[in-house]
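Under UniProt numbering, the first residue of the sequence shown carries the number 1, and numbering increases by one thereafter.
For each residue, glycine too, the CB sits at the ideal point set by N, CA and C.
Since we're looking at a predicted model, the values are computed, not measured.
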Amino acid sequence: MKILLLGSNGQLGWELQRALASIGQLVAYSREECNVEDFETLRKLIEQVSPDIVVNATAYTAVDKAENDVDKAYLVNAEAVKVMAEACEQEGAWLVHYSTDYVFDGLKKSPYTESDIPNPLNIYGQSKLMGEEYIRKICSKHIIFRTSWVFSTRGRNFLKSIINKASEVDTLQIIDNQYGNPTSAELLADVTANVLNKLGVRNCDSTFSGLYHLCCDGYTSWYAYAHYLLHRSQELGITRTLPSLIPVTWQ
């Protein structure tokens, strides 16, 4: 089983390199080695590698910045994904893709399920949803994992941002009425490897394609999450001083 991993140097991609190496022949490309914004190069790479599975760990994840960088958000999260879907369909390959809880509006009072209707409120969520839709329409063999609040020791994420800011500021305003499931990149990678290993062993057809919500159990608010991270980092000696946390309401 040959696996092509795109975005191997990101927080998720790094963990995927570890997890996928044991289940097949892994061909990994970083964002620098394969710029997914270059559609022709991207298409040719998939054709040349001729993988059984393409795992896409690339994404434009700067949620706030996307509001002013609309074209690039759609380019990476939607149009590049469309090219991957087309190339995978042509090669008869599986496409594994990661999406986000930002495809929902957050108004539901209970956990979202795969059958809930998306209603993204920002450019990031809208661009990720468009990527999902391209995959479902174009690529008959696909797995889409929607996840939430991904963290890792690598890359950019809320965990690292909060700890880094602890030594830079006296106060931090943190949203207290948005809830999610902090999910480790390690978990996502291990579950992905487990699923793909079963696909390879069983030589599964497209009836196993689908959309799946994948995140850690339990939930918290951004404020409670930040409070835990700061106090835990102080206990571990990572940070010496703690900024004051001010809860704010997202509207």
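TODO: Please say whether R43 and A93 have beta carbons closer to each other than 8 angstroms?
DONE: no
Task: Alpha carbon of F151 to alpha carbon of L129, nearest angstrom - done: 21 angstroms
- [ ] To the nearest angstrom, report how far apart S206 and C139 are at their CA atoms.
- [x] 9 angstroms
TODO: Enumerate in chain order the residues of its own chain whose CB-to-CB distance from Y228 is below 8 angstroms, with the five nearest sequence positions on each side excluded.
DONE: T220
- [ ] Report yes or no: do the segment 119-128 and the segment 100-109 share at least 3 C-beta pairs separated by less than 8 angstroms?
- [x] yes
Task: Exposure label - T249; buried when at least 16 CB within 10 Å - done: exposed
- [ ] Could you spell out the range, first to last residue, of the alpha helix (DSSP H) harbouring Y219?
- [x] No alpha helix (DSSP H) holds Y219; DSSP gives it neither H nor E.
Task: Cβ-based burial, V169 [other Cβ within 10 Å; buried from 16] - done: When all chains shown are included, V169 counts as exposed.
Open item on the list: Quick check: the Cα distance between residue 255 and I3, rounded to an integer number of angstroms?
Closed with: As displayed, the chain neither begins before 1 nor continues past 251, which places residue 255 out of reach and without an answer.
Open item on the list: Please state whether the Cβ-Cβ distance between W149 and P182 is less than 8 angstroms.
Closed with: yes
Task: N-terminal and C-terminal residue of the alpha helix (DSSP H) that A78 is part of - done: Note, A78: premise wrong, no alpha helix (DSSP H); not H, not E.
Open item on the list: Can you find the residues in the same chain that come closer than 6 angstroms, C-beta to C-beta, to Q17, ignoring five residues on each side of it along the sequence?
Closed with: S8, A28
Task: Continuous alpha helix (DSSP H) stretch holding K2: start and end - done: Run containing K2: none in the alpha helix (DSSP H); it sits in the beta strand (DSSP E), 2-6.
TODO: Have a look at D116 and Y223 and give me their C-alpha separation to the nearest angstrom.
DONE: 26 angstroms
Task: Where G24 sits in the DSSP three-state scheme - done: Three-state DSSP puts G24 in coil, outside helix and strand.
Task: Those runs of the beta strand (DSSP E) which lie wholly inside the segment 167-236 and span at least 3 residues - done: 171-175, 210-213
Open item on the list: Assuming the contact rule is C-beta atoms closer than 8 angstroms, K141 and S209 should be a hit. Round their C-beta distance to whole Å, please.
Closed with: 6 angstroms
Open item on the list: Please report the straight-line C-alpha distance between S30 and G10, rounded to a whole angstrom.
Closed with: 8 angstroms
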